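Residue numbers (the numbering used here): 10 to 345.
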């Protein structure tokens, strides 16, 4: 079966280093408070965590950009952060990754989205979210749009990372989408709340639960998934749909064709967090590096498989993806 050739996929991975993407959407500071548990509190039936370390990493749109860089590409991020310590931490983390933080818009009085997880023995015990789901004030939206305008001449494609945290209001998303279309920039959209603002995007990349919610259809069988994808394509005004399905890989709907299942390589899963960000980054990078949609899905599958084998908001490198390609191709040849 000649659909996947190792030499061609490796060539796509190599060309990724020449691709610069713009990531637009909700930015998150992912925090981990790590410790050990050896007893239950006498005050309440909850574990007592003995603190060991605290870790902060980039999440949301920033994690997509981080994954683009890890895979060898280049990225700019346009988003909104608060005038607070978490916003400053995100700025410094971006700079550490070699990502220009000057496209961030600071919104006074709006908190930076933070997700703080208490982790013991590699298991998440509880998560504390600090955020505002309200859209930024119009003046902040205009400044964000101006940052996007500055970035457009330098990039080859766009990833919309919509976590439903308020940055991408329907009006702002639709306006940016029109601008990207006029600039000839293809967009990959990772949606949470709505499809219609992204009309004209090249690829929509929901997971299975999001595909159900966005299409309004319950998905129990492959035929249900095909109907949901067709409805999403109509809302998108065309374009392609790639539905991620965790350990079952992805189903690719290219044009009006039937869905094609692209299996993932079976691996021990430690943490699924951030796998969707990795998939979006790899998919967009591979497409702009000359991959067909199914080839891009294969590379995104492998990259996501690398990430779920790690704990926390992790990334996959081009080297790690390259090393797993032979096994992934063999698995795909058996099932496609």
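Beta carbons are placed, not taken as given, at the ideal position from N, Cα and C, and that holds for glycine.
The structure displayed is predicted, hence computed values, not measured ones.
Residue i burial status per 10 Å Cβ neighbour count (16 or more: buried)
| i | result |
| --- | --- |
| residue 126 | buried |
| residue 138 | exposed |
| residue 49 | exposed |
| residue 135 | exposed |
| residue 26 | exposed |
| residue 179 | exposed |
| residue 53 | exposed |
| residue 310 | buried |
| residue 55 | exposed |
| residue 117 | exposed |
| residue 313 | buried |
| residue 113 | buried |
| residue 60 | exposed |
| residue 119 | buried |
| residue 328 | exposed |
| residue 266 | exposed |
| residue 69 | buried |
Own chain, CB closer than 6 Å to residue i, minus 5 neighbours either side, in chain order
| i | result |
| --- | --- |
| residue 189 | 167 and 196 |
| residue 5 | Outside the displayed range of the chain (10 to 345) lies residue 5, so it cannot be described from this structure. |
| residue 235 | 268 |
| residue 83 | 29 |
| residue 110 | 100, 103 and 104 |
| residue 67 | 75 and 102 |
| residue 270 | 260 |
| residue 171 | 34, 177, 200 and 201 |
| residue 133 | 126 |
Residues near residue i in its chain [Cβ-Cβ closer than 7 Å; skip 5 each side]
| i | result |
| --- | --- |
| residue 338 | 13 and 15 |
| residue 226 | 233, 236, 237 and 240 |
| residue 78 | 84, 106, 107 and 108 |
| residue 21 | 295, 298, 299, 300, 304 and 308 |
| residue 62 | 43 |
Whole-angstrom C-beta distance between residue j and residue i, which should lie under 8 Å
| i | j | result |
| --- | --- | --- |
| residue 284 | residue 80 | Actually they are not in contact, since the Cβ atoms of residue 284 and residue 80 sit about 14 Å apart, beyond 8 Å. |
| residue 298 | residue 28 | 5 Å |
| residue 251 | residue 292 | 7 Å |
| residue 286 | residue 73 | 5 Å |
| residue 86 | residue 36 | 7 Å |
| residue 165 | residue 214 | Contact flag wrong, Cβ pair sits at about 18 Å. |
| residue 115 | residue 143 | 16 Å between Cβ atoms; not a contact. |
| residue 150 | residue 194 | Contact flag wrong, Cβ pair sits at about 20 Å. |
Strand pairing of residue i, partner residues [DSSP]
| i | result |
| --- | --- |
| residue 125 | 40 and 137 |
| residue 259 | 253 and 271 |
| residue 48 | 57 |
| residue 199 | 170 |
| residue 85 | 31 |
| residue 216 | 253 |
| residue 308 | Per DSSP, none; premise fails for residue 308. |
| residue 132 | 129 |
8 Å CB neighbourhood of residue i in its chain, flanking five on each side removed
| i | result |
| --- | --- |
| residue 65 | 38, 39, 40, 41, 98 and 102 |
| residue 17 | 304 |
| residue 302 | 212, 249, 251, 261, 263 and 296 |
| residue 129 | 43, 44, 45, 46, 56 and 58 |
| residue 221 | 227, 228 and 237 |
| residue 90 | 36, 96, 99, 100, 113, 114, 115, 116 and 121 |
Next on the checklist: Which runs of the alpha helix (DSSP H) at least 4 residues long sit entirely within the segment 67 to 117? Give them in chain order.
Outcome noted: 70 to 79 and 94 to 105
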